[in-house]
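Step one of this worksheet: look at the structure below.
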Amino acid sequence: MDKTFLILSVELRQAFRGTRGESEKSSQGKRIARNALGYLALISLAIFVGTSVYNIAAALSDTLAAYPDMVRAVWLNLMSGLSLGVFVRLFMTGISVVYQALYDSGDLKFLLSTPTPVGSVVGAKLTVALVRNLAALVPFMYPIWVGYGAGSRAPFSFYFMSILAILLAALLFTAVTAIFAMIVMRNVPTQKMRQVIMIGSLVVGFMFVLATQVLSAKMTRSNGLDATALAQAAQGWGLGRTWYLPHVWVVKTAFLTTPGFGFSLWESLFPLAVAAIGAFVGAIGLSANAFVTGWSAAGDVETGKSGAMRRRRTRKGTGEKAICCELADDAESEMPDTMIRRHTGQGWGIFAKDLTIIKRQPIIWYSILVAIVASGFYLYNMSYGARSGDVGAIPDIMKDVILFVLVMMSTISSGQIAGMCISMDGESLWLLRSMPIDPGTYFNAKMALAVMPGATVFTVLALAMALIPDIPQYPLYLSLPVGYAAISMLGALEVMSDAMRPNFSLRMSGASGTQNQKDPGKSLISLGISMAGTFVLGAAFAFNNYYSHLGFSEGMSRQAAILVGTIAFATIVVAGHAIARSLALASIKRILRGESN
Amino acid sequence: MPFGTVILKVAANRRDSLMINALGLTKRFGDTLAVDSLDLHVGAGEIFGFLGPNGAGKTTSINMMIGILTPTAGRVELAGIDVAKDPLKAKAIIGYVPDQPNIYEKLTAWEFLMFVANLHEVERGRAEKKARNLLKMFDLLDRADEQLGGYSHGMKQKVVIASALLHEPKILFMDEPTVGLDPGSARLVKDILRELASEGVTVFMSTHVLEIAERMCDRVGIIQKGRLLAVGNMDDLREVAAAKGAMKHPEASTLEDLFIELTGGSDYAEVSRYLEG
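Listed below in C-alpha cells is the structure:
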C-alpha cells in the first residue's frame, strides 16, 4: 500500500509539472497563466451548463408546482438518463484511458523491475486512470446535478451524494474495464487490442451522439426544448425501474438523502459501493496473475506478414562484399505507389505525409463524422421547418445564419487537424529541423492541411443544403466562395495559434508510452477560434440585416449596407490571412532553427 | 560496382578542404553552460569521433552544428556555408542520425523514405532506386510497407540511417549511430562509413563505444563539461595525456585509457582505491 502511494505521489508530481519536459524553457508564469486560462474556460462551461439546468429545473417546478410527485418522477427519470450518460461518456474515452494507464505507461518497465508488488503498481496506475476519467467527467456532468439541486432546492447533502455517486461510477467502470483488459491482453495481440478498444469506444460514442441528435430533432418537432416536452419525453423512458443496473444505483445514491424519493441504502449506495470497491480489489487481485503476461504481450513488435510488398527475405549484408553485391542488384522489385511520392517538392511531401498520418487516426475521422451528423440533423430540422411553412416568418438574416452555422460546423469538425497541424510534427521534429525546409513552404503545406477537411465538409453540407427546397439560402455561386474564404481564414488563424504555441509532446500515433494524443487546451483554443471567428465574419457579412438599428448607419441604403458588409468581410479575411501568415512564419522560423521547443 | 559510386556520388572534395568549421561555439541554458567556446575543424573525407562523458555537451554541439539549435555565441560553417546565415543551403548537404530514432510511427518505412526524399527534392526515380537499395542493404525490404510503430528500436535506427544517406550528403552527423543495432548491422554501418569517407564524405560521429572510435576515426575530440579537452589522432592524444604527467606509459595506452585519464582519471583512481579497501 505504501508503495502504491509512493508511485501515486510521483505520478501527481509529474502531472503538476506538466508534460513538456526539460527542453521547454517556458517560464513558470506563462505556464500558470496557460493553466489558469484552461481552468477558466472549464469553469465558464460548467457555470453555463449548471445555469441552464437550473433554469429548466426551476421552470419545471413552477409549471408542475401542484404535482410534486410527478416532478420527482420526471427528475428521477431524467437523472437516470443522465447517469446512463455518465457511463456512456466513460465508454467514449475511459476505455483508452484505462488501457493507456495500464499498458502504455513508459514507466511500467522500470516499476516492474523494482521489488514492488504488481498489485501496488496496478493499484497506482488504476488510480491515475480513475483521476483522468473523473477529470473528463466531472466538469461536464456534475454541473447538471448542481443545477438541478439549486433549481429544485435539494438539501446540502445532495451535492455530496451526487459527486460520491459519480466517483463510485467512475471507479466501477475503471476497475471493470481493467479486469476486462487484463483478461483480453493475455490472448489478443497488442495492435488488434488497440483497434478493438478504439473502434469499440468510438462506436459507443457515435451511437450516443446519434441518440442525442435524434432526441434533439424530436424535441424540435415538439416546438423546442420546453419543460413539458422534457417531462413527456422523460416519463416515457422509465429508466428508474431497472433496479439491477449500475446507472440506477448511481441515480438512487444521488437522491438517497433527498426528501420525497424514499430510496433505501440497500438499493442505492450499498450495491454501488460494494460493486465499485469489489471490482477495484478484484482488479488488483487479478493483476498478480494476469498483468505481467499481458503487459509483456503489449510490448511485442507486430510481425505480420500480410501486405503488398512481401518479398523473399534478402540475405544479411554484413560486410563490404555483401554491400556491393546487394547494391548491384537494384531496381528489381516494385514498390507500392504512395501518396507522398505522387508529386515532388517539399510542400507536397509535408502535406501528403500529414494526410497519410491523419488518414490512419480513427479519432479524427470520428470527430468529422460527428460534425457531419450534427450538421445533417441541423439541415433535417431546417427542412422540417421549411416544409411546415414556418419560413415565411424567417427574416433574411436566416440566410446568413445558416451559411455561417455551416462554416462553424465545418471548422469545428476539422479543428482537431488544423489546431495541431504543427504540433503533430513533434513526433519527428529533429528530422524537419535538420532538413532544408523553407518556412514559407512549410506554412503553405500546413495551411492546405488545415483548410482542406473543413472545406470538404462545408462543400458536402452546402451541396446537401442546396437540394432542400424552400430553405432561405444563398445560391451556391455565392455561398461556396464566401464559405471557403471564411474557412481558409479560420484555418490560417488555427495554424498561427499552433505555430505560436506548439505542443510537441503530442503524439499522433499515441505510441511510446506516456505521450499524449490530446491537448484539452488546444482543443478549447481551436473551438474558440472557430466560434468567435465565425461570429465576427458572419456579423460583417450580415451587416445589411441590422445596419438600420445602428446609429452610424441608420441612414444608409440597403445596397450601400451590402457593399459595406462585403468589404468588411473581405477586409477581415485578407487581414486575418496576412496577420496569421506573418506571425506563423516568424514562429515557424524559430521552430525550424531550434529556437523554440 | 563499388558501394560509393552507386549510393553516394559525392562531389570530388579534396581531403584537405575544411568541411566543418566551428568557431567559439557556445550554448548556455539559463545558468548552465552546456558548450563553452568550442573550436573544431574537420576536413573532407575525415571520420571524426566526438567523445565525452554523459552530459558533456556532445549532442548540444552537434545540434548547433547542424542548425537545429541556435548557439548563444560563435558560428559554424559547413563546407564554407554559414549555418546561421544560410541554414537551408547548409542543411541540404548534410545527413543527420539522432541518438533516438523518433520517427512518424504511422508511416511505413517506404513512405518515410519517400517523404525524406521529397524534403531533399531528390528526383523521383533516383530516390526510389536508392531507397530500395538502402532498405535491401539493411534487410528491411520485405517489411518496407509496415508502419514504423511496429518496428523495433534497431530497425527504426536503420531506417533513420537509410534516410540520412538517401540524398548523398557531403557531411554526415551521427549521434551514437550504433546504439540498438545488432552486431551485423553495426558492422554494416561501420563499413558504410568507411566507404563514405573514402568517397570524400565527412563523417562526424559521437559515440560511447571507444573501440569503434579508436578503430574507425581519423581523429577524435574529447569534450567534458562543455569544453574541448583534446583533439587529434591517437598520437596527439597520447602527447596530451603525457603532458598531464599522470600516465606511466602513455605510448602504450588505448583510447579507453586516454579517455579515462583525460576526463576523470583522478576520480577513477579514487574509486579504485575505494574498491581495493
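Line by line, the protein sequences give chains A and B. Numbered by this note's numbering, the letters in the first sequence go through residues 267 to 863 in order. Numbered by this note's numbering, the letters in the second sequence go through residues 11 to 287 in order. The beta carbon of each residue, even a glycine, is placed where N, CA and C say it ideally should be.
| Asked | Found |
| --- | --- |
| Note down, in chain order, each residue of its chain lying with its Cβ closer than 6 angstroms to the Cβ of residue 428 of chain A, except the 5 sequence neighbours on either side. | 411 and 520 |
| Beta carbon of residue 346 of chain A, beta carbon of residue 558 of chain A: below 8 angstroms? | no |
| Measure from the C-beta of residue 134 of chain B to each C-beta in chain A and report whether the shortest distance is under 8 angstroms. | yes |
| Given that a residue counts as buried once 16 or more other Cβ atoms are within 10 Å of its Cβ, and exposed if not, what is residue 449 of chain A? | exposed |
| Can you pull the chain A residues whose beta carbon is under 8 angstroms from the beta carbon of residue 130 of chain B, in chain order? | 701 and 702 |
| Between which two residues does the beta strand (DSSP E) containing residue 216 of chain B stretch? | 212-216 |
| Output the boundary residues of the beta strand (DSSP E) element that contains residue 36 of chain B. | 28-39 |
| Is the CB of residue 611 of chain A under 8 angstroms away from at least one CB in chain B? | yes |
| Pop quiz: residue 43 of chain B and residue 35 of chain B are said to be a contact at Cβ under 8 angstroms. What is the actual Cβ separation, rounded to whole angstroms? | 12 angstroms between Cβ atoms; not a contact. |
| DSSP state of residue 843 of chain A, grouped into three classes? | helix |
| List the residues that DSSP assigns as beta-bridge partners of residue 803 of chain A. | Paired residues: none, contrary to the question. |
| Which two residues bound the contiguous beta strand (DSSP E) that contains residue 238 of chain B? | 237-242 |
| Between which two residues does the alpha helix (DSSP H) containing residue 230 of chain B stretch? | From DSSP, residue 230 of chain B is part of no alpha helix (DSSP H) but of the beta strand (DSSP E) over 229-234. |
| Touch check for the region 849-862 of chain A and the region 74-86 of chain B: three-plus C-beta pairs under 8 angstroms? | yes |
| Name the chain B residues whose beta carbon is nearer than 8 angstroms to that of residue 391 of chain A? | The contacting residues do not exist; residue 391 of chain A stays about 22 angstroms from chain B at best. |
| Alpha carbon to alpha carbon, how far is residue 127 of chain B from residue 642 of chain A? Give it in angstroms, no decimals. | 42 angstroms |
| Kindly say whether residue 518 of chain A, judged by its beta-carbon, lies nearer than 8 angstroms to any beta-carbon of chain B. | no |
| For residue 157 of chain B, name the three-state secondary structure that DSSP assigns. | strand |
| Excluding sequence positions up to five away, which residues of its chain have a Cβ less than 6 angstroms from the Cβ of residue 395 of chain A? | 363, 364, 367 and 440 |
| Against chain A, which members of the region 106-117 of chain B pass a CB distance test of less than 7 angstroms? | 106, 108, 112, 113, 114, 115, 116 and 117 |
| Decide if residue 277 of chain A is buried, meaning its Cβ has at least 16 other Cβ atoms within 10 Å, or exposed. | buried |
| Could you tell me how far apart the beta carbons of residue 272 of chain B and residue 238 of chain B are, in whole angstroms, since I believe they sit closer than 8 angstroms? | Contact doesn't hold; Cβ gap of about 11 angstroms is too wide. |
| Is there a Cβ of chain B sitting closer than 8 angstroms to that of residue 623 of chain A, yes or no? | yes |
| Residue 4 of chain B versus chain A: which residues are under 7 angstroms apart at the beta carbon? | Examination of residue 4 of chain B is not possible in this model, given that chain B is present from 11 through 287 alone. |
| Since residue 446 of chain A is in the beta strand (DSSP E), which residue starts that stretch and which ends it? | Per DSSP, residue 446 of chain A belongs to no beta strand (DSSP E); it is in the alpha helix (DSSP H), 422-451. |
| Does residue 29 of chain B have its Cβ less than 8 angstroms from a Cβ in chain A? | no |
| Please report the distance separating the alpha-carbon of residue 355 of chain A from that of residue 202 of chain B. | 54 angstroms |
| DSSP three-state label for residue 184 of chain B, please. | strand |
| Taking all protein chains shown into account, do 16 or more other C-beta atoms lie within 10 angstroms of the C-beta of residue 222 of chain A, making it buried, or fewer, making it exposed? | Coverage of chain A is limited to positions 267 through 863, which leaves residue 222 of chain A absent and any answer about it impossible. |
| For a cutoff of 8 angstroms on Cβ pairs, would you count residue 771 of chain A as touching chain B? | no |
| Within the same chain, show all residues whose beta-carbon is closer than 6 angstroms to that of residue 107 of chain B, passing over the 5 residues directly before and after it, in chain order. | 170, 171, 174, 184 and 187 |
| Just the Cα atoms here: how many angstroms apart are residue 404 of chain A and residue 432 of chain A? | 8 angstroms |
| So, at 8 angstroms on beta carbons, what are the nonlocal neighbours of residue 338 of chain A in its own chain, with the 5 sequence-adjacent residues on each side left out? | 526 and 527 |
| Mind checking residue 579 of chain A: buried by the 16 CB within 10 Å criterion, or exposed? | Here residue 579 of chain A scores only 39 on pLDDT, less than 50, and its place in the model should not be relied on; the value that follows carries that caveat. With fewer than 16 Cβ atoms within 10 Å of its Cβ, residue 579 of chain A is classed as exposed. |
| Closest by CA to residue 235 of chain A, which one among A:407, A:713, A:663 and A:721? | Lying outside 267 to 863, the shown extent of chain A, residue 235 of chain A is not represented and no answer is given. |
| Check each residue of the region 69-90 of chain B: if its Cβ is closer than 7 angstroms to any Cβ of chain A, include it; give the result in chain order. | 73, 76, 77, 78, 79 and 80 |
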